[in-house]
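Residue numbers (this note's numbering): 57 to 400. Comments concern the structure below.
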């Protein structure tokens, strides 16, 4: 009787054991560091954005490498933290002013309540509405405080990782090409596509929101919105949200003008924002897509939803990046194993 039994060699068994140990250790590390994943993504985004400026400072301007890295990190920190600090400072000042003028607050609130009751038959002070407002307010305050603390920690992690990535960028690039088990041509394409995706999402989205907010700000000035600059800052952040976008700010503003008796200004602001601000969003995206990677709007919408659920507010940026990377990995798999010589 012939028995053709095949046994695994000791070398293969040893390899499998090592792979199992590596995966086990990697799983333990990932599980305990998963909370800092947004910080790692932030470092990766900043690395992609700052690598070319670093090389320019070192090679062209002949700056010291350490000094260049510190300069770029401080500059990027100012650009990131500055707007957030400005937003918090303006909101804090606004709240303090309102708290010092409780009579005006009561008057404005009564106007809005009266308008809702007379025109829309909404009873704001019903037991159900009061309970819902209390629950939503409590949850919103809790989430805001948690998000602020989390964002501070994630920024610290991001800049810590970024420092070592920039200081050792050449070794990092060499490790990337030497270690990743893909064809060199696909690695080069992978490197370029990843940079394009990060720039498109990390720069394109905030830039679009900023330009859209400027157009909305012009409307605020035209139609006499009080403290228009504060609403401009809020519009920048709201414009990065999917579906609702800047409408989250200008619709309540128009309602407040309507409640204050400024019917013409309220209608004018709504028409201006729905038409001009709404069309500007598509126009700005069309122009930026010629300069950056073309990211489908659905990727942005669902990416932001997933990103906020995973990472909180900073998921607005990281969510679309994750979605884009997922589809890019599928395309890379096709290039590597199915269609090695694609026409496009």
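Beta carbons are placed, not taken as given, at the ideal position from N, Cα and C, and that holds for glycine. Note that this is a predicted model, so its numbers are computed, not measured.
Option nearest residue i by Cα separation, candidates the options
i           : options            : result
residue 288 : 114, 268, 229, 135 : 268
residue 94  : 382, 394, 245, 378 : 378
residue 275 : 228, 307, 112      : 307
residue 145 : 382, 84, 285, 338  : 285
residue 352 : 79, 260, 67, 321   : 260
Beta-carbon proximity of residue i to residue j, cut-off 9 Å
i           : j           : result
residue 263 : residue 344 : yes
residue 363 : residue 370 : yes
residue 132 : residue 107 : no
residue 366 : residue 375 : yes
residue 218 : residue 102 : yes
residue 313 : residue 372 : no
residue 340 : residue 299 : no
residue 272 : residue 302 : yes
residue 245 : residue 391 : yes
residue 243 : residue 232 : yes
residue 355 : residue 380 : yes
residue 324 : residue 279 : yes
residue 97  : residue 109 : no
residue 252 : residue 295 : no
Extent of the continuous alpha helix (DSSP H) to which residue i belongs
i           : result
residue 229 : 225-235
residue 353 : 353-367
residue 348 : That residue, residue 348, is in no alpha helix (DSSP H); it is neither H nor E in DSSP.
residue 103 : 93-111
residue 330 : Looking at the DSSP string, residue 330 is not in any alpha helix (DSSP H), and its letter there is neither H nor E.
residue 380 : 371-389
residue 83  : 66-89
residue 301 : Taken as a continuous stretch (DSSP letters only), residue 301 belongs to no alpha helix (DSSP H), as it is neither H nor E.
residue 287 : 284-294
residue 254 : 240-255
residue 265 : 261-278
Exposure label - residue i; buried when at least 16 CB within 10 Å
i           : result
residue 331 : exposed
residue 210 : buried
residue 256 : buried
residue 305 : buried
residue 72  : exposed
residue 400 : Low local confidence applies: a pLDDT of 49 at residue 400 is under 50, so the model's placement there is unreliable, with the coordinate-based value given in what follows. Counting Cβ neighbours within 10 Å, residue 400 comes out exposed, since fewer than 16 surround it.
residue 138 : exposed
residue 70  : exposed
residue 241 : exposed
residue 89  : exposed
residue 91  : exposed
residue 99  : buried
residue 393 : exposed
residue 254 : buried
residue 141 : exposed
residue 76  : exposed
Straight-line Cα distance separating residue j from residue i
i           : j           : result
residue 222 : residue 326 : 47 Å
residue 57  : residue 65  : Model confidence at residue 57 stands at a pLDDT of 49, short of 50, so the residue's coordinates are unreliable and nothing is read from them.
residue 213 : residue 226 : 21 Å
residue 319 : residue 119 : 59 Å
residue 283 : residue 291 : 13 Å
residue 121 : residue 335 : 45 Å
residue 309 : residue 389 : 49 Å
residue 126 : residue 117 : 15 Å
residue 86  : residue 293 : 31 Å
residue 230 : residue 333 : 46 Å
residue 112 : residue 123 : 13 Å
residue 206 : residue 136 : 15 Å
residue 81  : residue 329 : 53 Å
residue 383 : residue 235 : 22 Å
residue 170 : residue 315 : 9 Å
residue 224 : residue 237 : 21 Å
Distance cut-off 8 Å: residue i Cβ against heavy atoms of the ligand HEM
i          : result
residue 73 : This structure does not include the ligand HEM; it has no bound ligands of any sort.
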